[in-house]
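Shown next, in structure tokens, is the structure this report addresses.
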Amino acid sequence: MLSVHNLTVSLGNRMILRDLSFDVDTGDTLAIIGPNGSGKTVLLKVLLGLIPYEGAIVWSPGTRLGYVPQKIAADRQMPLLVRDLLEAKARFLRLPSGAIDLASGEVGLTPDLMKAGIGVISGGQFQKVLIAYALLGEPNVLLFDEPTASLDEMEEERIYELLEHLQNKQKLTILVVSHDLSVVFRSANMVLCLSKGRPCFGPPREILTPERLEATYSMPHKYYQHSQSHQGKC
Amino acid sequence: MMHSDQIYSIVLALLFAVAAGLVGSFALMKRMLLAGDVISHLALPGLGLAFLLGWNPLLGGACSLFAGTLLIAQLQKKSGLSADAMIGVVFAGSLAIGAALTPEEDLVDALFGKFQQLSFLTFSAGLIAVLLIILFVFRFREQLVLSLFSPELAAATGVKLNRLNLCFLLVFSLTVLVGLRFMGALLAGALIMVPSTIGRRLSSNLSGFLLASSLASVTAVALGFVLSLYLFRGVSLGPATTMVATALFGLSLLRKPSQA
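Quick mapping for you: the protein sequence lines, in order, are chains C and D. When we follow this note's numbering, the leftmost residue of the first sequence carries the number 23, and every step to the right adds one. When we follow this note's numbering, the leftmost residue of the second sequence carries the number -3, and every step to the right adds one.
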């Protein structure tokens, strides 16, 4: 689905990513972890084609990307209803009528929520709206930046359930940036950890060891050893 | 009985009002409303030069306004500072150059404008400009909304942000330029600024916002005409329209703020 080879990204004089290589197969959930400033969000933006880079990024033919940004990056003061926002994308991309109902139904946006202003809905509802936005145009890859940041536990749980539902039903490939290692334990089958040292890439049981996490985050990490049969938590 | 060139003026002013209401609505969401007032001053060096050399003042104004707009866009890209910071720098320079160039006896006209009746040719040029502005807003409405909501999401969706921002700035300047004729350099931005604030107070969704802003703008110009032509003949259209618009904003305060 995606092959990244010797990816190097600099912003100004600062090198953010250096010689990064990894592959993602169709249907994978890749968790991208690492401390603040390690380049997780930059990597997503590079994969979206928003930032120049050196090296090779090759997506399979027919890849359609959906992007769910950190919700902090959106202006919620605008006089927009949820439906206005979804309609703006649907019209811009000339999507067939019915695309909005399909995407909003998939995420579980109620008719009342569709008529609500984007400034008055809760953080969890807004995150769902952003997911519905990403699903418009029927992407086969979702790039997800901090899906549960600043959500309470109930809302967090609903977003995870939604992600798992989407992946099972639509066979989406998901790339998720997260601070929250429980996301990684719960749903990722591959992990990419970015840090100032050497980046590491592999299945969770190989990557999420105390030594690796300590090297990545430069501090000891409390966690339980993950195994395929036990969905451990941090 | 109205003269035909007065009718031209009224028709063009009302269409301009629609354009200003629409552009103002996006300028309000872009948080660059005050730029409407400031950007009109970019016309001053050209106006001054035209007065000095005996050219058509509006042509001079147009040239320096568009040169200033492009300069702002370039400086914004080069300096990495925000649009309003660059507008501030170019505005201060323009005002200074304009004031230095303009002969003293023409300065008041340049700043406050002079109501002129329109020839068919000028009407046609104004009509084309106004229709272009309205067409741009409707053609690029979705892209503007996405870019204002979240630039990075818009870029990821395929919106060409740099090109869109430059086009919006040019359309914004064109709106101010058409406004120069009716409102004068100091009030040319008023119809971009005030009606959109009324629209925002009275609406909670995008279509309602655009409609309410345009209606408020048209109402201000229509009542402004009535005031300046029939009730207070000494007051020209710019100040009359702006006073009506401001009064309408005052009235809009009677309604509770929208929840959305």
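Backbone N, C-alpha and C fix where the C-beta goes; we use that ideal spot for every residue, glycine too. These numbers were taken from a predicted model, which means no experiment stands behind them.
Mapping the DSSP letters down to three states, classify residue i as helix, strand or coil.
i      : result
C:E168 : coil
C:D45  : strand
C:T231 : coil
D:F228 : coil
C:E160 : coil
C:H187 : helix
D:N158 : helix
D:V19  : helix
C:L29  : strand
C:R220 : coil
C:G139 : strand
D:G122 : helix
D:S5   : helix
C:L103 : strand
C:Y75  : coil
Short check: CB of residue i to CB of residue j, under 8 Å?
i      : j      : result
C:G139 : C:L102 : yes
C:L29  : D:E148 : no
D:G246 : D:F178 : no
C:L194 : C:K62  : no
C:D45  : C:N211 : no
D:V126 : D:L207 : no
C:E186 : C:S209 : yes
C:R105 : C:K137 : yes
D:V19  : D:V167 : yes
D:L61  : D:P53  : no
D:V231 : D:S36  : no
C:P57  : C:T238 : yes
C:A121 : C:A112 : yes
D:I93  : D:V34  : no
D:G195 : D:G17  : yes
D:L97  : D:L45  : yes
D:Q139 : C:F114 : yes
D:L244 : D:A212 : yes
Around the C-beta of residue i, are 16 or more other C-beta atoms found within 10 angstroms, so that it is buried, or is it exposed?
i      : result
D:A88  : exposed
D:F164 : buried
D:V222 : exposed
D:S21  : buried
C:Q147 : buried
C:H27  : exposed
D:R197 : buried
C:V80  : exposed
D:Q70  : exposed
C:A78  : exposed
C:L152 : buried
D:Y226 : exposed
D:F205 : buried
D:T65  : buried
D:F116 : exposed
Please check if any C-beta of chain D sits within less than 8 Å of the C-beta of residue i.
i      : result
C:M23  : no
C:P101 : yes
C:F114 : yes
C:K111 : yes
C:P133 : no
C:L107 : yes
C:P169 : no
C:G139 : yes
C:P161 : no
C:Y89  : yes
C:D97  : yes
C:L42  : no
So, does the CB of residue i fall closer than 8 Å to a CB anywhere in chain C?
i      : result
D:Q139 : yes
D:Q255 : In this prediction, D:Q255 scores a pLDDT of 49, lower than 50, which makes its location untrustworthy; the coordinate-derived value is nonetheless stated afterwards. It does; some Cβ of chain C falls within 8 Å.
D:A212 : no
D:S209 : no
D:L127 : no
D:F12  : no
D:S90  : no
D:N201 : yes
D:R135 : no
D:A243 : no
D:L142 : yes
D:R196 : yes
D:E148 : yes
D:F132 : no
D:F47  : no
Review point. For the stretch 20 to 38 of chain D, which residues have a beta carbon sitting closer than 8 Å to at least one beta carbon of chain C?
Key: M25
Check your understanding: Between the stretch 67 to 87 of chain C and chain A, which residues of the former have a C-beta closer than 9 Å to a C-beta of the latter?
Key -> Here the protein chains are C and D, and chain A is not one of them.
Check your understanding: What residues from the stretch 153 to 168 of chain D come within 9 Å of chain C, judged by C-beta to C-beta, listed N to C?
Key -> T153, G154, V155
Exercise for review: Mind checking the stretch 65 to 80 of chain D against chain C and listing, in chain order, the residues whose C-beta falls within less than 9 Å of any C-beta there?
Suggested key: none
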